[in-house]
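Let me begin by presenting the structure, written as structure tokens, before commenting on it.
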Amino acid sequence: MSEFEFGFETNAIRNQLERTQYLEHSVPLYLTSSFVFEDAEDMRASFAEEKERNIYSRFSNPNTSELVQKICQMEGAEDGFAFATGMAAVYSTFAALLNSGDHIVSAGSVFGSTHTLFTKYFPKWNITTSYFDVNKPETIESFIQPNTKILYAESPTNPAVDIIDLEVLSTLAKKHNLILIIDNCFATPYLQKPIHFGADLVIHSATKLIDGQGRVLGGITVGKADLIREIYLFSRNTGPALSPFNAWVLSKSLETLAVRVEKHCENALKVADFLENNPNVLSVKYPLLKSHPQYEVAKKQMKLGGNVVAFEVKGGIEAGRSFLNNIKLCSLSANLGDTRTIVTHPASTTHSKLTVEERLAVSITDGLVRVSVGLETVQDIINDLDQALTK
Ligand SMILES: *Cc1c(COP(=O)(O)O)cnc(C)c1O
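Position 337 of the sequence shown, counted from 1, bears residue number 367 in my numbering, the numbering being contiguous throughout.
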């Protein structure tokens, strides 16, 4: 069958481990911490990496290898490594590639724990970070120093759903010889392939849309083989590996990624349209609404708009809190990318420790609500948001 170029869905479903002697149709779960050797020579050659084979599940396991191979295929990446969580992927990727004295240029609006890692922990090892405003891409170059090694961003951003032009980042990275790393969690490889636009590495929290059902945590980094080699060696010794069970769950989830994400996006666009016409809403941000400041960039680099909609309720912090209190069907939860619709109010929760100025610098206004639109009947989601906005 190799003369055919298969489509995204076919690869997601058919790309799987070889069958065992039992001829199972669905890939089995390899819950084993280690693997056995034939003899002393086999063992020697395996440890010397003269053979590609599994030794110990902290290094590799058939289930994690299947997951890595599938995501590499989807992202157009050479190689990858799977982690226990998205944050393990972020931390291990940076820790493997950076030395004391190195500098990161990062988008200001990045995932909260990533921001904490850069500002609180990396300075302990003399690794510093400068942040650029995602809505002022023309200023990025001014933050690059002689010791800058990595350029980092997420697009769309969390929670304000801003969009960054990946080609602009890639041009800068090439000009200054930086490693461009993109957290592609909000888009998934179904909607956006950063490597196609010039990224060197792509990180995912698989906990979100890749699992898609709020069950397991996971993370992955894919990209250039020489960089992944460094990340692999670091991780093989430090132990952030994904469990085979979670890898098995996540690999199964990838079989339905395309249909799920397609429907998430269809529902999200309808929710965004509803919100844009609601009198209690000041503004709405969704990549594929014409009113989005980066609508043209979103259309260029994303297949559809994703499942997260941000909007501003009239009345600031109190209105945001009251909106959450009146929600009936949707969940108040810290996750996103679940089948269940989730609403959060960053100013009073995840970002409440920041000052108003710090929040505004990352596009978080007092009345900002983030909706991770799920797969329920879309009219039921809209009805719930509507009644909570009216109260
Ligand atoms: C959730 C998330 C992470 C962290 O992933 P975990 O699996 O929760 O550790 C990193 N980046 C983004 C954009 C996320 O949404």
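Beta carbons: idealized from backbone N, C-alpha and C, even for Gly.
Note that the coordinates shown come from a computational prediction; the quantities given were computed from them, not determined experimentally.
1) Is F275 near ligand 1, going by C-beta to nearest heavy atom under 7 Å?
2) Measure the beta-carbon distance from A118 to G249 and round it to whole angstroms, keeping in mind my assumption that it falls under 8 Å.
3) Pull up the CB-CB distance for A107 and L284, whole angstroms please, since I reckon it's below 8 Å.
4) Taking 7 Å as the cut-off, is the beta-carbon of S76 closer than that to any non-hydrogen atom of ligand 3?
5) Go ahead and pull the three-state DSSP assignment for M31.
6) List the residues that DSSP assigns as beta-bridge partners of G253.
7) Nearest to L419 by alpha carbon, out of L354, I372, S136?
8) Look up F148 in the DSSP assignment and say whether it is helix, strand or coil.
9) Straight-line CA distance for M31 to P224?
10) Measure the alpha-carbon distance for V232 versus I211 and round it to whole angstroms.
11) Does DSSP classify F67 as helix, strand or coil?
12) To test your reading of the DSSP string, which unbroken beta strand (DSSP E) runs of 3 or more residues are found completely within the stretch 132 to 177?
13) If Y220 and F38 are in contact, beta carbons under 8 Å, what's the gap, nearest whole angstrom?
14) Please report the Cβ distance between A114 and L97, rounded to the nearest whole angstrom; I am assuming they are in contact, meaning their Cβ atoms lie under 8 Å.
15) I need the straight-line Cα distance from A255 to G110, nearest angstrom please.
16) Assuming the contact rule is C-beta atoms closer than 8 Å, G9 and L208 should be a hit. Round their C-beta distance to whole Å, please.
17) Between the Cα of D195 and the Cα atoms of Y262, M332, V338, N177, which residue gives the shortest distance?
18) Might you give, ordered along the chain, the residues of its own chain that have their beta carbon closer than 8 Å to the beta carbon of V403, omitting 5 neighbours on each side?
19) The alpha helix (DSSP H) with R351 in it runs from where to where?
20) Once you ignore the five residues that flank R351 on each side, which residues in its own chain have a CB closer than 6 Å to its CB?
21) Report the residue from T407, I347, S76, K344 whose alpha carbon sits nearest the alpha carbon of L432.
22) Between K150 and I157, what straight-line distance do the alpha-carbon atoms span, to the nearest angstrom?
23) If you count every other CB in all the chains shown that lies within 10 Å of the CB of N93, and 16 or more means buried, which is it?
24) In the DSSP assignment, find the alpha helix (DSSP H) that holds D410 and state where it starts and stops.
25) Is K329 helix, strand or coil by DSSP?
26) Please state the DSSP three-state secondary structure of L384.
27) Tell whether a beta-carbon distance below 8 Å holds between L398 and P376.
28) Leaving out five residues on either side along the sequence, give the residues of the same chain with a beta carbon under 8 Å from the beta carbon of L127.
Answer, in terms of the structure:
1) no
2) 5 Å
3) No, A107 and L284 are not in contact; Cβ-Cβ is about 14 Å, not under 8 Å.
4) Ligands displayed in this structure: ligand 1; ligand 3 is not among them.
5) At M31 the pLDDT is 47, less than 50, meaning the model places this residue with poor confidence; the figure from the coordinates comes in the next sentence. M31: coil per DSSP, three-state reduction.
6) D109, L231
7) In this structure, L354 is the residue among L354, I372, S136 with its C-alpha nearest to the C-alpha of L419.
8) helix
9) Any answer about M31 is weak, because its pLDDT of 47 lies below 50 and its placement is not dependable; what the coordinates show is given next. Going by the C-alpha atoms only, they are around 29 Å apart.
10) 6 Å
11) In the structure shown, F67 sits in coil (DSSP, three-state: anything other than H, G, I, E or B).
12) Complete beta strand (DSSP E) runs here, min 3: 133 to 137, 158 to 162.
13) 7 Å
14) Between L97 and A114 the Cβ distance is about 13 Å, and since that is not below 8 Å, they are no contact.
15) 8 Å
16) Given a span of 31 to 421 for the chain in the structure shown, any question on residue 9 remains unanswerable.
17) Of Y262, M332, V338, N177, the residue nearest in Cα terms is M332.
18) Its chain contains H294, N297, A298, V301, N337, V338, V339, T371, I411 as the residues whose beta carbon lies nearer than 8 Å to that of V403, once the 5 sequence neighbours on both sides are disregarded; these appear in chain order.
19) Here the alpha helix (DSSP H) through R351 covers 346 to 356.
20) S378
21) Missing from the structure shown is residue 432; the chain here goes from 31 to 421 and no further.
22) 10 Å
23) buried
24) For D410, the uninterrupted alpha helix (DSSP H) run begins and ends at 408 to 420, by DSSP.
25) helix
26) coil
27) yes
28) K179, I180, I209, L257, E260, I261
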